[in-house]
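Peer 1: Please read through the structure below; I'll follow up with questions.
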Amino acid sequence: MDELARLTQFYLIPYGTLRERATELDRVIFTQDDDFLVIANRRQQEGLKFSGVIYAHQQSVTVGECVRDLEIIAKASEPEDLVNQVQYLPF
């Protein structure tokens, strides 16, 4: 288990800390948290760098669809392709 996964599995981490660490590690964040989506959109508008966010509304997509779409994104892109981007699932 890598460092970022370990941190998020056992602790509630403030959005800023998680976002900063993901950016340091060149990791894209997958979330179903509307608040995180608002923060990502604000950072886009302000021109502030972030590692990229993939968002799925909890009632719009199944777990299986998320897994399938995340696998497609992972295979078809590199983390740097998603910098400062918000992608929406279903893909």
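Counting in UniProt numbering, the sequence shown runs from 1 upward without gaps. Idealized CB from N, CA, C, for every residue including glycine. These numbers were taken from a predicted model, which means no experiment stands behind them.
#1: Are there 16 or more other CB atoms within 10 angstroms of the CB of Asp69, so buried, or fewer, so exposed?
#2: How would you call Ala56, buried or exposed, if buried means at least 16 neighbouring beta carbons within 10 angstroms?
#3: With a threshold of 7 Å on Cβ separation, who are the neighbours of Arg43 within its own chain once the five nearest residues in sequence on each side are excluded?
#4: Buried or exposed: which applies to Gly52, given that a residue is buried once 16 or more other Cβ atoms fall within 10 Å of its Cβ?
#5: Please classify Ile29: is it buried, with 16 or more other beta-carbons within 10 angstroms of its beta-carbon, or exposed?
Peer 2: Based on what the coordinates show:
#1: Sequence index remark: in the sequence shown, residue 69 carries index 69 (1-based). Classification of Asp69: buried, given that the 10 Å Cβ count is 16 or more.
#2: Residue mapping note: residue 56 aligns to position 56 of the sequence shown, counting from 1. Classification for Ala56: buried.
#3: Working through the sequence shown from its first residue, we reach residue 43 at position 43. So the list reads Phe50, once near-sequence residues are dropped.
#4: Stepping through the sequence shown from its first residue, residue 52 is reached at position 52. Buried is the call here.
#5: The residue you call residue 29 lines up with position 29 of the sequence shown. Per the 10 Å Cβ criterion, buried.
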